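Below: the structure, in structure tokens.
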Amino acid sequence: MAKPVQLQVNIAELENSQKKLARLSKSVANRRVKLQFTQAKGTVVDNLLLTANQLNEIGTTLAELIGKTETAVSNTKIAFLKAEKMSAQCFWSSEG
Numbered sequence: 118m119a120k121p122v123q124l125q126v127n128i129a130e131l132e133n134s135q136k137k138l139a140r141l142s143k144s145v146a147n148r149r150v151k152l153q154f155t156q157a158k159g160t161v162v163d164n165l166l167l168t169a170n171q172l173n174e175i176g177t178t179l180a181e182l183i184g185k186t187e188t189a190v191s192n193t194k195i196a197f198l199k200a201e202k203m204s205a206q207c208f209w210s211s212e213g
């Protein structure tokens with residue numbers, strides 16, 4: 118016979134993670150590197166502009182990943198709360 122599996126989930130910790138992700142998301146959102154040069158040419162300028170564009174792409178990707186992680190944490194919390202509720206209902210209905 119297989120051994121029972123026990124999962125322990127700290128809902129408060131999930132909520133704390135949600136709050137941290139929300140703060141991080143706000144911190145990262147809409148941050149852009151903007152460079153403007155007047156009468157400047159050359160490799161250094163081109164490299165700086167390329168770097169700024171890459172930083173903006175990294176910021177966009179980071180914001181997307183934070184959003185997906187935030188959603189996953191929220192869905193996990195909801196799933197475990199539902200499972201806990203169903204488990205309690207099953208327990209109480211089997212007792213009665």
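Here the working numbering is used: the first residue of the sequence shown is 118, the next is one more, and so on.
C-beta: ideal position from N, C-alpha, C; glycine also.
Given the structure is predicted, the values throughout are model-derived calculations rather than measurements.
In the three-state DSSP reduction, Val126 falls in the coil class, being neither helix nor strand.
Between Phe197 and Val126, the beta carbon gap of about 5 Å places them in contact (Cβ cut-off 8 Å). Here Val190 is not near Leu141, since their CB atoms are 9 Å or more apart. Closest in C-alpha terms to Lys137, from the list Val161, Ile175, Asn164 and Thr188, comes Thr188.
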